[in-house]
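Beneath this line is the structure, given in structure tokens, with notes to follow.
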Amino acid sequence: LRPVGKADDYSGGRIEKIDPETGRVERLYDRCGDVVLSAPNDIVFDAHGGFYFTDHGHRRGRKLEFGAVYYARADGSFIREVAFPLIGPNGIGLSPDGGTLYVAETSSGRLWSWRITGPGEVARPGWPSPTGGDLAAGLPGFQRYDSLAVEAGGNIAIATLRLGGIVVVSPDGREVERRPTPDPYTTNLCFGGPDMRTAFVTLSGSGRLVSVPWSRPGLAL
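If you read the sequence shown in the working numbering, its first letter stands for residue 32, the second for the next number, and so on.
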């Protein structure tokens, strides 16, 4: 079983900071200007003290709410919208040099990219791109992208729903590798370990967190 829908007391999403030592929770952001955050999903930190995050959006009855990408400072002092609209933006990551932003769009099974021109600022190729970004990769057939992580060499590893595994694509959109998992609801991964060659993968259909040896080193969040 998988929970769907939203709680009766749902009022919006937010970005919070939690102190693991004390358990103290501090709310950093619950809106960007007049726009209330809907369903913040994934996050990646840059070298300038800020972070990019996806807001997945919600389905409300027969209406689908678009999602967006935001940039914010980790001290709670600044937030701005980077990209809109997207259909279920999910995983997010940065290239090793910090010059490219990647976002996985769940419903379309597409990976989008933007060239970063400054902290929280991206170049926009413009129409006819629906997201303001460049299409980096797309899966054939019915597959859905979830969260992602970036390898130190620049490849993008994407947790893929229905396929049940991790798809690795190069920055130019070529499929490099497929790593199957025993769960069609494979939702997230990150790299760790002493040499960053261990992938920690969430298997949400079975409620498990597993570690997988990885042949190439990955980047930290």
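The C-beta atom is built at its ideal place from N, Cα and C for all residues, glycine as well.
Everything numeric in this text was worked out from a predicted model, so none of it was measured.
- By the Cβ-count criterion, residue 176 is buried, with 16 or more other Cβ atoms from all chains shown falling within 10 Å of its own Cβ.
- Apart from sequence neighbours up to five positions away, the residues of its chain that approach residue 219 with a beta-carbon distance below 6 Å are 178, 190 and 233, ordered along the chain.
- In the three-state reduction of the DSSP assignment, residue 82 falls in the strand class, which pools E and B.
- Residue 230 sits close to residue 243, with the two beta carbons spaced by under 7 Å.
- Distances from the alpha-carbon of residue 120 to those of 71, 81 and 111 put 71 closest.
- With respect to residue 154, residue 249 sits apart: the two C-beta atoms are not nearer than 7 Å.
- Excluding the 5 residues flanking it on each side, residue 131 has same chain C-beta neighbours closer than 8 Å at 125, 144, 145, 146, 147 and 202, in chain order.
- The stretch 43-63 and the stretch 108-122 touch, with three or more beta-carbon pairs separated by less than 8 Å.
- Cβ-Cβ distances below 7 Å link residue 223 to 229 and 231 in the same chain, with the five nearest sequence neighbours on each side left out; the list follows chain order.
- In this structure, DSSP gives residue 252 a state outside helix and strand, which the three-state scheme calls coil.
- In the three-state scheme derived from DSSP, where H, G and I count as helix and E and B as strand, residue 176 is classed as strand.
- With fewer than 16 other Cβ atoms inside 10 Å of its own Cβ, residue 55 counts as exposed.
- Excluding its 5 nearest sequence neighbours in each direction, residue 150 has C-beta neighbours in its own chain below 6 Å: 79 and 81, listed in chain order.
- If you compare the alpha carbons of 241, 212, 246 and 216 with that of residue 226, the shortest gap goes to 246.
- About 4 Å separates the beta carbon of residue 170 from that of residue 140, a gap short enough to meet the 8 Å contact definition.
- Selection 91, 85 and 94 evaluated against residue 100 yields 85 as nearest (Cα-Cα).
- Here residue 167 is not near residue 192, since their CB atoms are 7 Å or more apart.
- In the structure shown, residue 208 adopts extended strand secondary structure according to DSSP, grouped into three states.
- Under the three-state reduction of DSSP output, residue 41 falls in the coil class, being neither helix nor strand.
- In the DSSP assignment, residue 122 falls within the beta strand (DSSP E) that extends over 120-125.
- Taking the Cβ atoms as the reference, residue 114 lies roughly 17 Å from residue 46, outside the contact range of under 8 Å.
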